[in-house]
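Asker: Take a look at this one; I'll ask things after.
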Amino acid sequence: MVSQLKLKFITRENNKMKNEIEESITTNKMNNINSSDFDVEVDEFEQHRIEYHNTNLFGESLYDSNGNKPISDEEKLLMTERLEKKYEEILDILRINRNDPNSSNTPHRVAKMMVNELLIGRYTLPPKLTVFPNRKNVNELIISKGITVMSMCSHHWQPISGTVSIGYIPGKYIIGLSKLTRITEWFCRRAQIQEELGEQIANYLEDLLKPKALGVVISSKHYCMIARGVKGDEAKSAMVTSVMRGHLLRELNLRQEFLKLIND
Ligand SMILES: [Zn+2]
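Sequential numbering from 1 applies to the sequence shown in my numbering.
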């Protein structure tokens with residue numbers, strides 16, 4: 001008798017849940033055709049911003065995920081220790097037993113990897129660079145393509161993996177090609193969105209070289225999509241972003257030549 005009652009109750013609850021789900025699907029459908037959806041998200045962001053603090057619990061300043069503020073080795077060590085404690089909590093919350101030999105040292109390992117590798121571009125000075133005078137007045141495109149991009153998306157903290165092609169027509173200065181790789185790596189070692197990674201590299205090179213033309217084209221895979229199995233984003237798909245400055249922005253023929261050379 002008791003079990004029958006219980007069953008009825010469950011059935012009634014299920015029906016209620018079913019109705020609720022159907023209702024929410026209908027609401028979502030309506031929302032999908034509502035053009036103000038985007039505005040709602042921006043509003044939420046603005047609200048979040050007002051409540052946001054500029055310093056953390058320790059009084060240290062907070063800045064954008066792809067920003068840079070060099071810190072000392074001692075500060076890096078302290079950061080790693082604090083982070084390790086937090087990763088221990090994360091494993092506990094996820095009910096991962098740290099007696100498991102494969103997980104026992106994971107908080108330490110992940111904390112070190114974050115501070116010293118994946119996010120190191122936030123905490124170190126830019127690589128040492130030498131620029132050379134453009135003695136022969138080179139006035140053609142200089143291109144380095146296939147430079148490795150290995151970064152992390154700031155939305156999901158998953159890898160972004162691909163390549164960048166950088167091309168420029170020098171003004172007074174030229175730069176060794178290996179330095180373009182170093183600059184790219186320094187900017188990649190932060191949590192990014194790809195659009196801003198390209199802009200950051202371009203801004204830096206523009207300040208440094210004052211080139212007549214500059215192009216930065218990134219093509220990469222985003223594992224936040226691949227790992228989660230987001231439809232239509234299998235391993236073969238890629239996101240391409242391009243930043244064009246100077247003559248490459250204004251002159252269509254030059255841009256076509258650049259794009260042809262980097263895609264050949
Ligand atoms: Zn993402």
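Glycine included, each C-beta is placed from N, C-alpha and C at the ideal position.
1) Specify the secondary structure class of F58 as computed by DSSP and reduced to three states.
2) Under the rule that 16 or more other beta-carbon atoms within 10 Å means buried, what is S165, buried or exposed?
3) Measuring straight from C-alpha to C-alpha, what distance separates S104 and R122?
4) Reducing DSSP to helix, strand and coil, say where K145 ends up.
5) What does the Cβ neighbour count give for G167, buried or exposed, with the cut at 16 atoms within 10 Å?
6) Short of 6 Å in beta carbon distance, which residues of its chain neighbour D264, apart from the five on each side in sequence? Order them along the chain.
7) So, L278 versus L214, is the Cβ gap smaller than 8 Å?
8) I need the DSSP call for Q192, collapsed to helix, strand or coil.
9) Hey, how far is the Cα of Y223 from the Cα of Q192?
10) As a quick check of your reading: which residues have a C-beta less than 6 Å from at least one non-hydrogen atom of ligand 1, in chain order?
11) Within this structure, are the beta carbons of I175 and V131 separated by less than 8 Å?
12) Mapping the DSSP letters down to three states, classify L252 as helix, strand or coil.
13) Under 8 Å Cβ to Cβ from N56, same chain only, skipping five residues before and after it: list those, please.
14) To the nearest angstrom, how far is it from the Cα of N134 to the Cα of I183?
15) Please return the same chain residues whose Cβ sits closer than 7 Å to the Cβ of L91, not counting the five positions on each side in sequence.
16) If you count every other CB in all the chains shown that lies within 10 Å of the CB of L94, and 16 or more means buried, which is it?
17) In this structure, does DSSP put A213 in helix, strand or coil?
18) Using beta-carbon positions only, say whether L77 and R189 come within less than 8 Å of one another.
19) Return the residue from the list T80, N66, S65 that minimises the CA-CA distance to S72.
Answerer: Concretely, from the data shown:
1) Position 58 of the sequence shown, counting from 1, holds the residue named residue 58. In this structure, F58 counts as coil in the three-state DSSP scheme.
2) On the sequence shown, position 165 is the one that residue 165 refers to. So S165 counts as buried.
3) The residue you call residue 104 lines up with position 104 of the sequence shown. The residue you call residue 122 lines up with position 122 of the sequence shown. One C-alpha to the other measures close to 28 Å.
4) By 1-based counting over the sequence shown, the position of residue 145 is 145. Here K145 sits in strand by DSSP.
5) Within the sequence shown, numbered from 1, the residue matching residue 167 stands at position 167. It is buried - the Cβ of G167 has at least 16 other Cβ atoms within 10 Å.
6) As a working mapping, residue 264 is identified with position 264 in the sequence shown. Here the set comprises nothing.
7) Here the chain comprises residues numbered 1 to 264, so residue 278 is not present and cannot be evaluated.
8) Locating residue 192 in the sequence shown gives position 192, counting from the first residue. Strand at Q192.
9) As a working note, residue 223 is residue 223 in the sequence shown. As a working note, residue 192 is residue 192 in the sequence shown. Roughly 13 Å between the two C-alpha positions.
10) Any residue whose Cβ sits closer than 6 Å to a heavy atom of ligand 1 makes the list: C153, H155, H156, Q158, H222, C224.
11) Indexing the sequence shown from 1 puts residue 175 at position 175. Indexing the sequence shown from 1 puts residue 131 at position 131. The answer is yes: Cβ separation under 8 Å.
12) Counting from one through the sequence shown, the residue named residue 252 turns up at place 252. Here L252 sits in helix by DSSP.
13) In the sequence shown, residue 56 corresponds to position 56, counting from 1. So the list reads L62, once near-sequence residues are dropped.
14) Residue mapping note: residue 134 aligns to position 134 of the sequence shown, counting from 1. Residue mapping note: residue 183 aligns to position 183 of the sequence shown, counting from 1. Each residue's Cα considered, the two are about 20 Å apart.
15) Position 91 of the sequence shown, counted from the start, is the residue given in the question as residue 91. Once the five neighbours on either side are set aside, the close Cβ partners of L91 are R98, S103, T106, P107.
16) As a working mapping, residue 94 is identified with position 94 in the sequence shown. With fewer than 16 other Cβ atoms within 10 Å, it is exposed.
17) Translated into positions along the sequence shown, residue 213 becomes position 213. Correct three-state label for A213: strand.
18) Sequence index remark: in the sequence shown, residue 77 carries index 77 (1-based). Sequence index remark: in the sequence shown, residue 189 carries index 189 (1-based). Contact: no.
19) Locating residue 72 in the sequence shown gives position 72, where the first residue counts as 1. That would be T80, whose Cα lies nearest to the Cα of S72.
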